[in-house]
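First the structure, in the form of structure tokens, and then the observations on it.
Protein chains in written order, with the numbering used here: chain A, 16 to 625; chain D, 50 to 559.
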């Protein structure tokens with residue numbers, strides 16, 4: 016028989032090997048593997064997100080335009096959900112049984128142990144009902160969120176709306192998380208970083224039953240929510256509402272600016288919509304309706320619609336002509352209708368008269384002098400040099416460039432330059448005769464209503480403008496970005512504005528002027544210029560720019576009414592009512608019939624030419 | 050004359066120090082595991098940590114009493130002690146209280162005692178006594194039968210109490226019997242059985258039978274025929290296996306082919322009278338049939354006999370969770386594939402539902418326990434989260450933290466340093482016990498020493514193995530560490546009887 020005492024080594028080795036196996040296993044899971052540390056944190060750490068209240072928005076007089084209203088998200092923790100009376104629960108929440116199942120499944124697939132949103136944005140009224148019953152349904156609880164509310168029901172295009180952040184943005188910007196809200200358009204979008212504030216995170220420890228057990232690291236990693244900054248805008252909400260009222264049943268826009276500062280007093284795009292339609296759960300229902308509407312109420316015409324400016328463009332032509340010294344303020348040109356069509360009026364003997372009477376052949380001849388300055392021998396080359404210089408000058412007026420205002424989606428319009436025509440016709444294949452329509456603001460030139468209003472402000476200021484903007488104060492301090500406080504010179508000497516102002520005075524106040532309807536009364540002198548943009552698709556568009564009072568301009572305005580014919584008929588009276596409303600806070604008795612006429616007008620159903 | 054003042058004469062201080070270290074580690078970790086801020090004193094007897102201190106006090110008194118007794122006492126009364134404890138095991142079945150489904154407690158007022166704990170040292174005493182009798186030889190069948198009866202009797206009684214964990218502990222005696230002369234093949238055979246068991250559960254019985262068939266042909270042909278026969282047989286077999294898998298034939302075919310081959314072989318043996326050593330052929334066939342039966346019985350026992358919760362204890366270890374997740378994904382793909390009619394879709398959907406249910410059971414029941422246990426230990430890192438700082442422990446993610454899963458608390462709060470130290474202390478104690486046992490002059494003391502080491506080792510193996518996901522969940526305590534009076538006392542008695550016997554080894558004649 017073998018020596019059995021050697022078996023002590025076998026037994027000892029077995030014990031040692033098991034000890035070694037355990038040690039290796041422990042080393043693997045405790046030291047080499049980090050997975051369990053993450054799992055352990057996931058078990059006990061819960062992040063409570065505290066959503067900051069979004070910043071408030073006021074108008075220039077301190078009227079509240081946007082505030083927050085409490086809304087409630089119903090949360091579910093699948094682990095704690097017990098078998099309950101599903102039918103009663105569904106009727107309480109006003110959802111179907113299928114929806115209930117689907118939502119529960121979704122929550123479970125997200126996490127069994129972590130809460131997720133079951134039903135979003137319950138209104139405070141439904142919340143009151145639900146809260147009373149909620150104790151019967153373990154695993155469900157309510158988390159407070161805020162919704163935007165617009166007490167004045169207007170200025171939708173300016174204020175914009177907020178919505179849930181998209182996945183692509185979450186991937187791009189680490190601040191945002193799924194379910195966060197972000198400004199999607201308007202000021203909500205441009206001042207998102209001011210309005211949103213800073214999310215607060217509280218980390219707590221929970222036990223196996225998900226009961227709170229105190230804060231993580233005694234709150235060392237917790238952050239407080241910081242409320243969003245409130246902003247004061249330059250809007251005069253009373254004027255804005257009045258503008259929206261005047262524009263009802265019309266298509267077009269109004270932009271009013273304080274010429275001294277570039278502050279936008281009102282910006283109306285018609286047709287519009289109630290901003291409260293795009294809040295919370297209503298978005299799902301209303302957004303498709305609004306976006307399918309053939310009148311396109313979501314489209315902000317004041318910033319995005321590019322129209323030919325029509326005759327208001329003549330003011331720029333006259334100014335450039337004088338600055339280039341190809342004409343003087345006393346230059347006269349006869350009304351030769353064979354050059355370009357015109358209406359019957361006395362001959363314009365000077366610049367002021369030409370503005371007042373809006374003579375087309377006059378500007379044909381002025382523009383010809385601007386373009387053909389005999390700087391080159393070739394007929395074509397000469398036009399090219401002329402147009403090159405001209406387009407640079409026009410762009411200084413903010414035309415054909417994107418005005419750096421504080422709303423997203425601003426279009427730049429079009430001021431055709433050499434490159435444009437070379438592409439269009441080919442180099443050396445165009446000359447003044449090809450492009451003469453530009454002289455009266457037709458043809459390829461396109462501007463947006465904001466640029467038109469800015470033109471009125473430039474004339475009122477006799478040669479400069481501040482970039483039109485909406486931001487007045489941030490958290491009650493008036494430091495705003497320097498781009499809004501920089502004077503932009505247009506490169507025309509002060510003295511050349513005198514005849515233009517005189518002409519624009521005549522337009523409204525003298526016999527033979529094209530917009531006598533814009534006169535308010537002798538107390539407020541309005542200067543303006545009409546325009547009628549030819550519209551190949553239908554009735555012409557009616558344009559009017561103006562400013563007042565003449566000697567100390569406080570408001571510059573542009574009104575553009577689509578398909579309404581001659582500028583003096585509709586656009587001018589609307590502008591005059593807006594000016595009167597802004598300067599005197601009311602409409603004088605004498606002008607009430609004018610107001611009545613506008614309010615009753617329906618210019619929507621104009622037949623469209625095929 | 051012995052002097053009571055000198056009861057510590059010749060005792061092994063190394064073992065005693067290791068014992069005290071374990072008891073102390075146990076006490077402070079029980080404190081951490083059930084720490085209650087309202088009762089923050091570690092001496093508060095309304096809490097488990099206060100009570101454990103009392104149990105420790107009693108345990109030390111028991112140790113002292115044992116040291117004061119004479120070693121002769123245990124050798125003389127080995128069988129009577131065994132008898133009394135066996136009687137109490139029977140009694141507890143009749144009048145005992147049921148806790149957690151096991152009828153293993155005597156309740157006297159607030160005091161509860163578990164006789165199965167004391168059956169361990171009683172069994173070792175009886176076994177030691179029997180094996181130390183003159184004219185005992187492990188090679189005798191009779192010796193084996195009696196030894197197995199001494200071990201098996203309490204094991205069966207404890208199994209009747211529905212305490213599977215404590216029953217399995219008696220498997221530890223295989224080490225004792227091995228040391229006393231049981232063939233080493235038994236150990237290897239046991240190991241093989243476990244490996245086949247696990248492989249069958251993972252790969253299914255058919256694959257294992259095919260593999261066994263391959264091995265059998267290889268050995269049988271090599272042993273009884275020449276190399277040519279071996280190669281030809283294996284080639285034929287391989288072709289058959291290839292066809293079987295490639296055309297996904299029915300499982301039954303394997304049984305028919307194997308059964309047919311065996312019948313043919315038997316017939317061949319009977320007809321060919323001139324063949325020599327027929328016995329070895331019959332034995333070969335017999336072994337193969339037994340192997341197949343064993344493999345079938347695993348599959349059958351596992352799926353038909355074991356209860357759901359017992360099954361999950363094992364399947365969790367074998368990665369059942371990942372397997373189920375994968376199966377569900379595949380079924381979903383099959384369901385959404387083109388060209389499937391409504392009926393088939395319904396069948397697949399039902400299947401998915403059933404699998405999802407099992408997954409849920411797995412994740413919430415034992416699967417959850419093992420997962421949380423691993424998270425607790427794993428998240429301890431190298432140096433641990435610190436005393437009383439274990440979040441898994443504090444916030445009750447780990448079940449049975451002060452008893453069966455106490456190792457989680459140690460792993461979480463003391464990290465790898467703590468667990469390594471603990472494993473080292475245990476291994477040191479086991480090796481010390483074997484070392485001391487080998488030094489004994491009497492067979493009784495040696496058998497007893499090996500018994501103590503084996504019992505402690507088995508608890509260590511299963512308890513820690515379970516906590517770190519290497520063994521199925523079997524509810525047995527970690528010696529000297531887990532909370533509980535009965536287990537602490539029984540382990541203390543177990544160990545100190547040996548320390549006493551060891552201290553007197555020089556007085557004992559061979």
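We put the CB at the ideal spot given by N, CA and C, even for glycine.
Backbone secondary structure at residue i - three-state DSSP
{"i": "residue 508 of chain D", "result": "helix"}
{"i": "residue 431 of chain D", "result": "coil"}
{"i": "residue 517 of chain D", "result": "coil"}
{"i": "residue 136 of chain A", "result": "strand"}
{"i": "residue 243 of chain D", "result": "helix"}
{"i": "residue 95 of chain A", "result": "helix"}
{"i": "residue 460 of chain D", "result": "helix"}
{"i": "residue 481 of chain A", "result": "strand"}
{"i": "residue 150 of chain A", "result": "helix"}
{"i": "residue 496 of chain D", "result": "helix"}
{"i": "residue 106 of chain A", "result": "helix"}
{"i": "residue 278 of chain A", "result": "strand"}
{"i": "residue 437 of chain A", "result": "helix"}
{"i": "residue 246 of chain A", "result": "strand"}
{"i": "residue 22 of chain A", "result": "helix"}
{"i": "residue 88 of chain D", "result": "helix"}
{"i": "residue 256 of chain D", "result": "helix"}
{"i": "residue 147 of chain D", "result": "strand"}
{"i": "residue 625 of chain A", "result": "Annotation note: pLDDT 37 at residue 625 of chain A (below 50); position unreliable, coordinate value reported separately. Residue 625 of chain A falls in the coil class under three-state DSSP."}
{"i": "residue 46 of chain A", "result": "helix"}
{"i": "residue 427 of chain A", "result": "coil"}
{"i": "residue 417 of chain A", "result": "coil"}
Residue(s) in a DSSP beta bridge with residue i
{"i": "residue 213 of chain A", "result": "A/241"}
{"i": "residue 557 of chain A", "result": "A/547, A/576"}
{"i": "residue 251 of chain A", "result": "Residue 251 of chain A is not bridged to any residue."}
{"i": "residue 322 of chain A", "result": "A/462"}
{"i": "residue 542 of chain A", "result": "A/562"}
{"i": "residue 155 of chain D", "result": "D/162"}
{"i": "residue 60 of chain A", "result": "A/220"}
{"i": "residue 155 of chain A", "result": "A/91"}
{"i": "residue 504 of chain A", "result": "A/479"}
Cβ-heavy atom distance, residue i to the ligand GTP, below 7 Å
{"i": "residue 97 of chain D", "result": "The ligand GTP is absent from the structure shown, which contains no ligand whatsoever."}
For this session: Identify each residue in the stretch 222–248 of chain A for which the Cβ-Cβ distance to at least one residue of chain D is less than 8 Å, and report them in chain order.
Result: 222, 223, 224, 228
For this session: Closer than 8 Å, Cβ to Cβ, to anything on chain D: give me those residues from the stretch 28–53 of chain A, in chain order.
Result: 29, 30, 31, 33, 34, 36, 37, 38, 40, 41, 42, 44, 45, 46, 48, 50, 51, 52
Exercise. Counting Cβ pairs closer than 8 Å, one from the stretch 420–438 of chain D and one from the stretch 455–466 of chain D, do we hit at least three?
Worked result: yes
Exercise. Per the contact definition of three or more C-beta pairs closer than 8 Å, is the stretch 338–348 of chain A in contact with the stretch 564–572 of chain A?
Worked result: Not touching, per the Cβ criterion.
Exercise. Looking at chain D, which residues of the stretch 95–127 of chain A have a Cβ within less than 9 Å of any of its Cβ atoms?
Worked result: 127
Problem set entry | Entirely enclosed alpha helix (DSSP H) segments - the stretch 303–359 of chain D, minimum 4 residues | 327–349, all fully within the stretch 303–359 of chain D.
For this session: Name, going along the chain, the residues of the stretch 492–513 of chain D whose beta-carbon falls closer than 9 Å to a beta-carbon of chain A.
Result: 499, 502, 503, 506, 509, 510, 513
For this session: Could you please tell me which residues of the stretch 57–74 of chain A, in chain order, have their CB closer than 8 Å to any CB of chain D?
Result: Within the stretch 57–74 of chain A, the qualifying residues are 58, 59.
Exercise. Using 8 Å as the Cβ pair cut-off and three pairs as the minimum, do the stretch 245–264 of chain D and the stretch 340–348 of chain D touch?
Worked result: Segments in contact, yes.
Exercise. What residues in the stretch 197–229 of chain D have a beta carbon less than 8 Å from any beta carbon of chain A?
Worked result: 224, 227, 228, 229
Exercise. Should the stretch 438–445 of chain A be regarded as contacting the stretch 377–391 of chain A, the criterion being three or more beta carbon pairs within less than 8 Å?
Worked result: no
Exercise. Below 8 Å, can you find three or more Cβ-Cβ pairs linking the stretch 277–296 of chain D to the stretch 251–266 of chain D?
Worked result: yes
Problem set entry | Residues of the stretch 462–481 of chain D with Cβ closer than 8 Å to any Cβ of chain A, in chain order | 464, 465, 468, 469, 472, 473, 475, 476, 479, 480
Problem set entry | Residues of the stretch 435–459 of chain D whose Cβ lies closer than 8 Å to any Cβ of chain A, in chain order | 440, 441, 443, 444, 445, 446
For this session: Would you check if the stretch 549–567 of chain A and the stretch 482–489 of chain A touch, i.e. whether three or more CB-CB distances between them fall below 8 Å?
Result: The stretch 482–489 of chain A vs the stretch 549–567 of chain A: no contact.
Problem set entry | Residues, ordered as in the chain, of the stretch 64–84 of chain D that lie near chain A by beta-carbon distance below 8 Å | Only those residues of the stretch 64–84 of chain D whose C-beta falls short of 8 Å from the nearest C-beta of chain A would be listed, and there are none.
Exercise. With a cut-off of 8 Å, do at least 3 Cβ pairs link the stretch 218–230 of chain A to the stretch 244–255 of chain A?
Worked result: no
For this session: Please name the residues in the stretch 74–94 of chain A whose beta-carbon is closer than 7 Å to at least one beta-carbon of chain D, in chain order.
Result: none
Exercise. With a cut-off of 8 Å, do at least 3 Cβ pairs link the stretch 129–143 of chain D to the stretch 201–209 of chain D?
Worked result: yes
Problem set entry | chain A contacts from the stretch 543–557 of chain D (Cβ-Cβ distance under 7 Å) | none
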